[in-house]
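Asks: Residues in the sequence shown are numbered consecutively from 341, following this note's numbering. Glycine included, every Cβ here is placed at the ideal spot set by N, Cα and C. Quick one: structure below, then a few questions.
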Amino acid sequence: MSVITDLTRMWLTRTVKPFEFKNEYDQNLPFAECDGLGLYVHIPFCKSICNFCPYCKVKYSEDICNKYIDALIREIHIVGSQYEGKKTVTSLYFGGGTPALAVDRIGEIISALEEHFIITEGIGLELHPDNVNVEVLNVLKNAGVTKISIGIQSFGDKYQKILGRKKVDTESMAKALSQVPFETVSMDLIFALPEQTYNDLKNDIDEAFSLGANHVAIYPFIDFTFTKSPVKAMPKKQKRKLLDDITKYCYSKGYSRNSIWTFSRDKAEYSSMTRENFLGFGCSATTLLRDQFKINTFDVEEYCKRIAENKLPTSLTIRFIKRQRMIYWLFWTAYSTRVDERDFEKFFGVSLKKMYGFELFIAKLLGFVKEKSGIYEMTLKGAFYYHYYENFYTLSYIDKMWGIMRNEAFPEKIEL
Ligand SMILES: C[S@@+](CC[C@H](N)C(=O)[O-])C[C@H]1O[C@@H](n2cnc3c(N)ncnc32)[C@H](O)[C@@H]1O
Ligand code: SF4
Numbered sequence: 341m342s343v344i345t346d347l348t349r350m351w352l353t354r355t356v357k358p359f360e361f362k363n364e365y366d367q368n369l370p371f372a373e374c375d376g377l378g379l380y381v382h383i384p385f386c387k388s389i390c391n392f393c394p395y396c397k398v399k400y401s402e403d404i405c406n407k408y409i410d411a412l413i414r415e416i417h418i419v420g421s422q423y424e425g426k427k428t429v430t431s432l433y434f435g436g437g438t439p440a441l442a443v444d445r446i447g448e449i450i451s452a453l454e455e456h457f458i459i460t461e462g463i464g465l466e467l468h469p470d471n472v473n474v475e476v477l478n479v480l481k482n483a484g485v486t487k488i489s490i491g492i493q494s495f496g497d498k499y500q501k502i503l504g505r506k507k508v509d510t511e512s513m514a515k516a517l518s519q520v521p522f523e524t525v526s527m528d529l530i531f532a533l534p535e536q537t538y539n540d541l542k543n544d545i546d547e548a549f550s551l552g553a554n555h556v557a558i559y560p561f562i563d564f565t566f567t568k569s570p571v572k573a574m575p576k577k578q579k580r581k582l583l584d585d586i587t588k589y590c591y592s593k594g595y596s597r598n599s600i601w602t603f604s605r606d607k608a609e610y611s612s613m614t615r616e617n618f619l620g621f622g623c624s625a626t627t628l629l630r631d632q633f634k635i636n637t638f639d640v641e642e643y644c645k646r647i648a649e650n651k652l653p654t655s656l657t658i659r660f661i662k663r664q665r666m667i668y669w670l671f672w673t674a675y676s677t678r679v680d681e682r683d684f685e686k687f688f689g690v691s692l693k694k695m696y697g698f699e700l701f702i703a704k705l706l707g708f709v710k711e712k713s714g715i716y717e718m719t720l721k722g723a724f725y726y727h728y729y730e731n732f733y734t735l736s737y738i739d740k741m742w743g744i745m746r747n748e749a750f751p752e753k754i755e756l
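Okay, here's the thing in structure tokens:
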């Protein structure tokens, strides 16, 4: 499996040099020069831990959570004060873990960020279904949150059991959502679970929209090697049919596809992924700047220790060579299912056709993309193969990296 990703990487970056992440970092981050910068904050606490979940999280304790948030606010000031005045950024997303467990301190975190940044496109936050009640939603809304995303996974008994999740109280959820409206209400669903049918998934999507969602994220189940989930992902052929059929269903309902996995109505948006540059705060958060990508330590205690010493909690940094950065840009931009050659040229100062004309020609020939006035739009086939390749990427790169970082706070080096 990793042979495919290795060969593709070598071809696209035109070098045998792997992606090299080293235990080094810059105390000063060059984000002043970045346009379209986004912000991400990670809150790594959950009331109970799901055995399929790969994210950086620990069991919730009020005491540890408060210490962590004190450190988080300090990290925000260490980074934010490197810029004189206030830097304009696009969005702010809170992910986890379960950020709503720190509901009483979300306002404080947003205020700390607003001392250094002007947020222009709203604030998103992830919720566990247990957090969806009028009280929590009101606190979040008053703190400035404009978009929420709820981790449903499935409304069906069968899949809730398989994933070890509790039954969702749909009645009280719908009531709370109708009383406290948000610009975007997204719901996460998981697909490609064993024997999952088109009707299972269609019912989940219908239920999400009828309960008050205006956006759904349908994530393919990924069986990470380091999680202890007994669930196995669905075979490729079945998965493709399910993804194609469900995409057609969403189109037939008039929903628009704003990324490989997300469908929405009324132009609702929820995406922390498709940004050119971002600053990440908290454990496991990543920062992507013009020529570097860095990952914070996954270890809550070590994170707090570093911050107490006034040092950034960076665990690993990769300094990109030009084509590595281009591939990174293309990979995440393509996640939105379209790439505009003007955006590429604006970012890199060189034309997309000059750098990747041959690859684009092949992609068009194979029916993966269609081009219109310099915009490359992914076809249904292209979207499936992007998904398929992303799966390889996740299992060969993310799985390896997160597997190591869960056990070592500051690994010497990781090569991918
Ligand atoms: C941080 S959680 C969302 C908020 C909250 N912690 C919850 O679980 O409800 C992010 C989302 O990642 C998705 N996810 C987690 N593990 C996954 C896996 N192994 N494969 C695919 N998606 C996964 C789930 O849809 C989950 O809702
Ligand atoms: S799926 Fe959500 S609740 Fe479950 S362990 Fe992951 S972050 Fe926590």
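(1) Is it right to say ILE450 is buried, meaning 16 or more other beta carbons lie within 10 angstroms of its own, or is it exposed?
(2) Less than 8 Å between CB atoms is the rule here; does PRO384 satisfy it with respect to chain C?
(3) So the candidates are SER550, TYR423, GLN500; which of them puts its Cα closest to the Cα of ALA530?
(4) Counting pairs of Cβ atoms below 8 Å between the segment 638–658 and the segment 675–690, do you hit three or more?
(5) Taking 8 Å as the limit between beta carbons, can you name the residues of its chain near TYR559, skipping five residues before and five after?
(6) Which residues count as close to ligand 2 when the rule is a CB under 6 Å from any of its heavy atoms, in chain order?
(7) May I ask you to list the residues that DSSP assigns as paired with PRO560?
(8) In angstroms with no decimal places, state the Cα-to-Cα distance between MET341 and MET350.
(9) With distance defined between alpha-carbon atoms, name the residue in GLN422, GLU475, PRO358, LYS507 nearest to ALA444.
(10) Based on the DSSP secondary-structure assignment, which residues constitute the bridge partners of THR657?
(11) Around the Cβ of ASP544, are there at least 16 other Cβ atoms within 10 angstroms (buried) or fewer (exposed)?
(12) Please look up how many angstroms separate the CB atoms of ILE458 and SER431, rounded, as I've assumed it's under 8 Å.
(13) Given this structure, state the Cα-to-Cα distance separating PHE638 from LYS576, to the nearest angstrom.
(14) Return the chain-ordered list of same chain residues with a C-beta closer than 6 Å to the C-beta of LYS387, the five sequence neighbours on each side being excluded.
(15) Could you give the distance in angstroms between the alpha-carbon of ASP606 and the alpha-carbon of ARG665?
(16) Closest to ARG505 by CA distance: which of ILE715, SER512, ASP470, PHE671 is it?
(17) How is MET341 classed by DSSP in three states: helix, strand or coil?
(18) If you follow the beta strand (DSSP E) that ARG597 is part of, which residue opens it and which one closes it?
(19) Using C-beta distances below 7 Å, list every residue in its chain close to HIS727, excluding the 5 sequence neighbours before and after it, in chain order.
(20) State buried or exposed for SER526, treating a residue as buried only when at least 16 other CB atoms are found within 10 Å of its CB.
(21) How far does the alpha helix (DSSP H) with VAL476 in it extend, from its first residue to its last?
(22) Can you give me the Cβ contacts of LEU477 inside the same chain, cut-off strictly under 8 Å, excluding the 5 residues immediately before and after it?
(23) What first and last residue would you give for the beta strand (DSSP E) that runs through GLN493?
(24) Out of THR626, LYS498, GLU730, point me to the one whose CA is closest to MET745's CA.
(25) Using the rule of at least 16 other Cβ atoms within 10 Å of the residue's Cβ for burial, across every protein chain shown, is THR567 buried or exposed?
(26) Going by C-alpha to C-alpha distance, which of PHE618, GLY491, TYR595, SER569 sits closest to LEU503?
(27) Which residue from PHE698, GLU699, LEU670, TYR675 puts its Cα closest to that of GLU685?
(28) Is it buried or exposed, THR537, if we count other Cβ atoms within 10 angstroms and call 16 or more buried?
(29) Considering ASN747, what are the terminal residues of the alpha helix (DSSP H) in which it resides?
(30) So GLU360 packs on ILE658, CB below 8 Å; how close in whole Å?
(31) Is it the case that the Cβ atoms of GLU547 and PHE495 are separated by a distance below 8 Å?
(32) Run through DSSP, which three-state label would HIS555 get?
(33) Count the other CB atoms within 10 Å of the CB of ILE492; is the residue buried (16 or more) or exposed (fewer)?
(34) Taking C-alpha atoms, which residue in SER655, ALA514, THR673, ASP346 lies nearest to GLU752?
(35) Among residues of its own chain, excluding the 5 on either side of LEU441, which ones have a beta-carbon nearer than 6 Å to its beta-carbon?
(36) Exposed or buried, what is ASN598 when buried is set at 16 or more other beta-carbons lying within 10 Å of its beta-carbon?
Replies: Well, looking at it:
(1) Burial call: buried.
(2) Absent here is chain C; the protein component of the structure consists of one chain.
(3) As written in the sequence, residue 530 is Ile, which differs from the Ala given in the question. The option with the nearest alpha carbon to ILE530 is GLN500.
(4) These segments do not touch.
(5) The residues are ASP528, LEU529, ILE530, PHE531, TRP601.
(6) Result: CYS386, ILE389, CYS390, CYS393, TYR395, LYS397, GLY436, GLY437, THR438, HIS468, GLY491.
(7) Paired residue(s): PHE531.
(8) Interpretation of MET341 is limited by its pLDDT of 49, a score under 50 that renders its predicted location unreliable; the figure taken from the coordinates is listed afterwards. When only Cα atoms are considered, MET341 and MET350 end up about 15 Å apart.
(9) According to the sequence displayed, residue 444 carries Asp and not Ala. The candidate whose alpha carbon is nearest that of ASP444 is GLU475.
(10) Bridge partners of THR657: LYS362, LYS634.
(11) ASP544 is buried by the Cβ-count criterion.
(12) Actually they do not touch by this definition, with Cβ atoms about 12 Å apart.
(13) One C-alpha to the other measures close to 32 Å.
(14) Setting aside the 5 residues that flank it on each side, LYS387 is surrounded in the same chain by TYR400, each with a C-beta closer than 6 Å to its C-beta; the list follows chain order.
(15) The alpha-carbon atoms of ASP606 and ARG665 are separated by roughly 33 Å.
(16) Of ILE715, SER512, ASP470, PHE671, the residue nearest in Cα terms is ASP470.
(17) Unreliable placement is indicated for MET341, whose pLDDT of 49 sits below 50; the coordinate value is still reported in the next sentence. Looking at MET341 - three-state DSSP - the assignment turns out to be coil, as it is neither helix nor strand.
(18) Where ARG597 is concerned, the enclosing beta strand (DSSP E) starts and stops at 596–599.
(19) Answer for HIS727: PRO560, LEU583, ILE600, listed in chain order.
(20) The residue is buried, with at least 16 neighbouring Cβ atoms inside 10 Å.
(21) Start and end: 474–483.
(22) Closer than 8 Å at Cβ, skipping near neighbours: ILE488, ALA516, LEU517, GLN519, VAL520, PHE522.
(23) Unbroken beta strand (DSSP E) run through GLN493: 487–493.
(24) When only C-alpha atoms are compared, the closest one is THR626.
(25) Around the beta carbon of THR567, 16 or more other beta carbons sit within 10 angstroms, so the residue counts as buried.
(26) For LEU503, the nearest C-alpha among the options comes from SER569.
(27) Selected option, being the one with the closest Cα: LEU670.
(28) By the beta-carbon neighbour count (other beta carbons within 10 angstroms, threshold 16), THR537 is exposed.
(29) Note, ASN747: premise wrong, no alpha helix (DSSP H); not H, not E.
(30) With a Cβ gap of about 6 Å, GLU360 and ILE658 count as contacting.
(31) The beta carbons of GLU547 and PHE495 sit closer together than 8 Å.
(32) In this structure, HIS555 counts as strand in the three-state DSSP scheme.
(33) Within 10 angstroms of the beta-carbon of ILE492 lie 16 or more other beta-carbons, which makes it buried.
(34) Ranked by how close their Cα comes to the Cα of GLU752, the residues SER655, ALA514, THR673, ASP346 have SER655 in first place.
(35) Shown here for LEU441: same chain residues with a beta carbon closer than 6 Å to its own, the five before and five after excluded, namely PHE385, TYR400 in chain order.
(36) Around the C-beta of ASN598, 16 or more other C-beta atoms lie within 10 Å, and the residue is accordingly described as buried.
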